[in-house]
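Structure, as structure tokens:
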Amino acid sequence: MLNGVPVPPERASAAHTVAAVLTSGRRVALTTHVNADGDGVGSEVALWHLLGARGLEPAIANPTPVPDRFAFLLPAGADRSERAAKEIEAADVVVVLDISEVSRLGDLQRAIKQSHTVACIDHHVSQGSLPGGPRLVAPEAAATAELVFDFASAVGWPLSPEAARALYVGLLTDTGAFRFANTSPRALRIAGALLERGVDPESIYESVYASAPEGRVRLMTEVLQTLVVEPDLGLAWVTVPPDALQRHAATADDLDGIVEYPRSIAGVRLALLFRQIASGRIKVSFRSMGDVDVAELSHQFGGGGHKRAAGASLDGSIADVQQQVLAAARQYLRGN
Ligand code: 5GP
Ligand code: MN
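According to my numbering, the residues represented by the sequence shown are 10 to 345, in order.
Printed below as a string of structure tokens:
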């Protein structure tokens, strides 16, 4: 148990199957889901450091750009997302982090489906639709970063301070700064082990949460104006006006956390955020409290995620999608 936190035996053996394909001389590409979050970026940056220390030269190749908020984690030259499909095609091994669904890999789907070896490290509740390959998948993990930490411990690869910092960002962001239901004793033990490796929590807080562009805060005020609450059912939602991101020079990452406001209202059990991601395509974010299982609800719309945080993308106008999703949400809440 390198790093002071024991690794469950099934995770340790899964870690060895992943390590077995990451041998020297191989060309490795690391990727994560569209609109990478702190866990996706943190996990891939940590693995980039772990592999670099073993003489490999992995490339980070994501379907969408790394949000500015997490750019501080990226070592110079590591992010080759602007030529991601080429990197995936040229790789001997692709490691997919923080997602098991090929449909969430955006424009990289075709290249990934044709890859020889696709390893996966992930904590989503999903059957998975990636091509075959070694898997370190555990839905009970607080974050994919927890599993990358376990991977390093199990195979005995030392974590540098830079890798520790990236994993801390993954754990911090996926647990909502250690507040959500996935804040397990184990997640906090791992956070402690990462602090012992030299992570500075205040500087991470500043980079991740207190370096916002002004547009992020202005966007938030506008989105919160759209709040609708149905107190009898415990339902609340907000809607991003279609041109708001552009007007505030904001990106999808700037919306992160806004859905926590409808969720934070007393008595709300289900909170939703609607936004247009392309003409005729709407993304819905689902968040819940208590027994409401949004992974289940989002499956009705071809989405997925976790029990208390999930998402889906649907075809239609905002009005059509709201009608459809709100009807299903009300029915679900009445039945619970
Ligand atoms: P968010 O609402 O913050 O985008 O996502 C919340 C959770 O739901 C994350 O774990 C994310 O991976 C998952 N998720 C979001 N959108 C989708 C989607 O379209 N399909 C699936 N399968 N999962 C999603
Ligand atoms: Mn995650």
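Backbone N, C-alpha and C define an ideal beta-carbon position, used for all residues, glycine too.
Item	Value
Closer than 6 angstroms by C-beta to W166: which residues in its own chain qualify, once you throw out the five before and the five after it? Chain order, please.	L59
For the ligand MN, I want to know if T184 counts as a neighbour, meaning its beta carbon is within less than 7 angstroms of at least one of the ligand's heavy atoms.	no
Do the segment 179-187 and the segment 147-165 meet, that is, are 3 or more Cβ pairs less than 8 angstroms apart?	yes
How many Å lie between L168 and A221 at the Cα?	29 angstroms
Which residues in the same chain as E53 place their Cβ atom closer than 6 angstroms to its Cβ, once the five residues preceding and following it in sequence are excluded?	L39, T41, I69, L106
Once the 5 residues before and after G276 are set aside, which same chain residues still bring their CB inside 8 angstroms of it?	P240, G243
If the criterion is Cβ atoms closer than 8 angstroms, does the pair V247 and A128 meet it?	no
Can the beta-carbon of A55 be found closer than 8 angstroms to that of L176?	yes
Starting from the C-beta of V237, find all residues in its chain whose C-beta is less than 6 angstroms away, skip the five residues before and the five after it, and write them out in chain order.	W246
Alpha carbon to alpha carbon, what distance is there between A328 and F158?	43 angstroms
Could you tell me the alpha carbon to alpha carbon distance between F160 and S22, rounded to whole angstroms?	9 angstroms
Using three-state DSSP, classify K292 as helix, strand or coil.	strand
Please look up how many angstroms separate the CB atoms of A163 and V16, rounded, as I've assumed it's under 8 angstroms.	5 angstroms
Taking buried to mean at least 16 other C-beta atoms within 10 Å of its own C-beta, is E211 buried or exposed?	exposed
Answer yes or no: the CB of R290 versus the heavy atoms of the ligand 5GP, is any distance below 7 angstroms?	no
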